[in-house]
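This report refers to the structure that appears directly beneath it.
Residue numbers (our numbering): 85 to 225.
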């Protein structure tokens with residue numbers, strides 16, 4: 085796949101919104117949920133999933149959403165959002181090397197990982213549309 089071909093399929097606004105939704109919910113969920121649904125407008129599969137997610141989460145209090153996030157991603161996680169942990173385990177020299185590479189790419193392309201480690205899915209989703217095609221394809225692979 086050529087550089088331009090891969091970047092053409094990346095919808096940067098949608099990736100940004102998905103990154104926001106995968107970050108600890110300490111901001112206005114309603115604003116992110118509405119933005120997510122509108123950003124997914126041209127992707128029917130994503131729109132259906134985000135619409136369902138939004139409708140189920142809108143009835144929750146901020147505290148309940150934070151509890152759900154913590155239970156899902158941090159305490160006995162059902163889904164680990166750290167790519168390095170999935171690939172190499174939590175305590176691995178290779179994970180450290182991977183995080184250093186991600187951190188360098190984030191600095192180079194102006195992506196702030198905030199309080200997340202650089203192998204967290206949220207900052208990686210922010211980084212992906214900014215990478216050249218070959219690098220983006222490698223990250224996805």
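For glycine and all other residues, C-beta sits at the position ideal for the given N, C-alpha and C.
Three-state secondary structure assigned by DSSP to residue 153:
In the displayed model, residue 153 falls within a helix according to three-state DSSP.
Going by Cα to Cα distance, which pick from 104, 186 and 96 is closest to residue 206?
104
Specify the secondary structure class of residue 96 as computed by DSSP and reduced to three states.
The answer is helix: DSSP assigns residue 96 an H, G or I state.
Does the Cβ-Cβ distance between residue 202 and residue 186 come in under 7 Å?
yes
State yes or no: is the C-beta of residue 213 within less than 7 Å of the C-beta of residue 149?
Taking a C-beta distance under 7 Å as the contact criterion, residue 213 and residue 149 do not qualify as a contact pair.
Nearest-angstrom Cα separation, counted from residue 171 out to residue 45:
Because the chain is modelled from 85 through 225, residue 45 falls outside the range shown and cannot be assessed.
Thinking just about the alpha-carbon of each residue, which of 152, 114 and 204 is nearest to the one in residue 139?
114
Applying the 10 Å Cβ sphere with the 16-neighbour rule, what's the burial state of residue 127?
By the 10 Å Cβ count, residue 127 comes out exposed.
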